[in-house]
Structure formats: structure tokens, C-alpha cells
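**Student:**
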Amino acid sequence: MKKNKLLLLSILLLTFLFSGCNYIDNMKVKLKMKNQDFEYIKQGKVEKIVIQSTRDNGFRFVVTDKSTIRDLYGLLSTGKEATENSNLSPDYIFEFQESADKIHKFNYVAGLNKKGVGNFYDGEKSYSVNKRLDNDIIRNMYSLRRPKDFSDIYYASILKFLSSYGKNINSDGSKSLGINIKDDIECAKYVLSVELEDFKYNLNSTIKNAKLVDNNKEDFDILVSMKTQGYKTTVYKSIITLYNKSEGTELKYYVLGNYENREWTILISESRPEKW
1 MKKNKLLLLS
11 ILLLTFLFSG
21 CNYIDNMKVK
31 LKMKNQDFEY
41 IKQGKVEKIV
51 IQSTRDNGFR
61 FVVTDKSTIR
71 DLYGLLSTGK
81 EATENSNLSP
91 DYIFEFQESA
101 DKIHKFNYVA
111 GLNKKGVGNF
121 YDGEKSYSVN
131 KRLDNDIIRN
141 MYSLRRPKDF
151 SDIYYASILK
161 FLSSYGKNIN
171 SDGSKSLGIN
181 IKDDIECAKY
191 VLSVELEDFK
201 YNLNSTIKNA
211 KLVDNNKEDF
221 DILVSMKTQG
231 YKTTVYKSII
241 TLYNKSEGTE
251 LKYYVLGNYE
261 NREWTILISE
271 SRPEKW
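Going letter by letter, the sequence shown gives residues 1 to 276 in the UniProt record's numbering.
Structure below.
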């Protein structure tokens, strides 16, 4: 009799707990604190998740770990529906694979936090997803080799070069100047659209008539091209090539960055550094 009472009590307790959880979830949906569009992930229907960089075809992650998939569900299910997609280029493509012929595909703009604007979207719906998707999941997958504070060394190197040599490059601002990082395959996987927007702003403040190259290198009178030569978390090396189309000249500059005392020290020289 005592065992039956304990069993009945356990059943009632579990029923209450599940009912309580469902009630809370339903309230979150009504209050638009949660969406139900990713329940197929919670239900265990997703076999794997593929995360592909849009800038480097060789840079992709395949996620099969159940704990990570649950974390992704938690972030996506709390994403708020947005009325419009971001106008920035997506950084990653997410593929949620239920089966070989059923794949849910979404574009993701990393690091974007703008009210009412979707940073995670497909052809039908758009969601504003917490930046933790980038900070907690994606960056953890490549943080072992990625230079610390990547934007502080990569974009800052170009800006420092332009500040130091810009007057000699385009003294009167009459020539069109293209900044080419599109062909820097080694670091393409670390480039994010949000950081590119910040770089564009700083670029315009540093030198006149400078624009990022897309697929239009031939449109510029002068090209400044970045080519990463090697890097670790605390060391970065690259070569900046300056090409003047009208003069037919090409000059190379060497960039050496060292991360010490929580900041990057950047050295740019016309000759190859001894400790290159």
C-alpha cells in the first residue's frame, strides 16, 4: 500500500512538473519570448548541423554533439521574429539535417544586434538571434588558432599602413583607391560583415576615395592588397602590396604584429623584418 502511494505521488509530481513546464513555454510563446519554429531540433529529429563560412568554402563545422545541438535550440527558440532581414552579407550558412532529403537552411549575420532586424533567416522567416550564437558556439570552434582580437590586428594593420603611407599613395585624393581583402583566403573565414562595416567607416576617416574591392579590381587606379603570410594567437604576419595602375609599379610592405600586455603592437616596414 505504501509503495502504491509513493508511486502515485511520483506520477502526480511528474505530471505537475511537465504541466508546469508546458504552461511556462506556452506563456513565453504568447509573450513572444519564444518561437516554436525550431521544435524539430528539440524533438531530436536533427542528425547533424553543418555551419559553413560564406567567404571560405573550406571552412565548415559539422556538429553532431547532442549537448551543442541542445544549446543551439535554446538560442534559436528564443530568437524574436523580425520584420526584415539584415542588408549585410551573411557570414555563415546553417544547415539542419533531418534526413538526406530534408534540410533546413538559414543565413546568419554574426554579431548583429539591431532591434527588429533579422540576423538569422531563410526564404520565409527572419529572426533576431542572441549574439551568444557567435560568441559561445562558432568562435569556440576556431578559437585555438585565431589571432586574439582579430579585428584589432587585421583591420588596424591596413589603417596604420594608410595613415603612414597614404599621403604618398594618393596625395590629392584624385585617384580611386581599392582596398583588397577579398583575395586574402587565409583569413577570409574570420571576416565578419559587422566588423567590415566598422572598417569602412574608419577607412573613410583615414583616406579619401578609398573603397573595399568586391569583384571590381579593374575599376581602381590604385590597389592596396592584404595577404596574410602566417599567424598564431599572438603573432600575425602579412604583406601589403601597393599597385599603381597608371605608373605600372608594385611595392611590398611587411606587417608584423605581436600581442603583448593585452594589445597588439604593429610594425610596418618596406624591408623584410629580421624576425620574420
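Glycine is no exception: its CB is placed at the ideal position from the N, C-alpha and C atoms. Remember, predicted model here, so these are calculated numbers, not experimental data.
1) Buried or exposed: which applies to Ser126, given that a residue is buried once 16 or more other Cβ atoms fall within 10 Å of its Cβ?
2) Distance check for Asn180 and Leu76, CA to CA, integer angstroms please.
3) Using DSSP with H/G/I as helix, E/B as strand and the rest coil, what is Ser193?
4) Just checking, does the stretch 166-179 make contact with the stretch 131-143 on the three C-beta pairs under 8 Å criterion?
5) Which one of Glu47, Ile41, Arg55, Ile49 has the shortest CA to CA distance from Asp183?
6) Taking the alpha-carbon positions, what's the Tyr73 to Tyr190 distance?
7) Could you compute how far the alpha carbon of residue 280 sits from the alpha carbon of Ile158?
8) Short check: CB of Ile266 to CB of Ile153, under 8 Å?
9) Can you list the alpha helix (DSSP H) stretches of 4 or more residues lying completely in the stretch 168-226, in chain order?
10) So, is Ile103 buried or exposed, given that buried needs 16 or more other C-beta atoms within 10 angstroms?
11) Start and end of the beta strand (DSSP E) containing Thr249?
12) Among the residues of its own chain, which have a CB less than 8 Å from the CB of Thr234, if the five just before and after it don't count?
13) How big is the Cα-Cα spacing for Phe220 and Glu247?
14) Helix, strand or coil: which one does DSSP assign to Ser126?
15) Pull up the DSSP beta-bridge partners for Val109, would you.
**Tutor:** Here's the rundown:
1) buried
2) 35 Å
3) DSSP places Ser193 in the helix class (H, G or I) of the three-state scheme.
4) no
5) Arg55
6) So the two alpha carbons sit approximately 24 Å from each other.
7) Here the chain has residues from 1 to 276 only, and residue 280 is not among them.
8) yes
9) You should have 185-188, 193-206.
10) exposed
11) 249-260
12) Pro147, Lys148, Asn258, Tyr259, Glu260
13) 13 Å
14) strand
15) None, per the DSSP bridge assignment.
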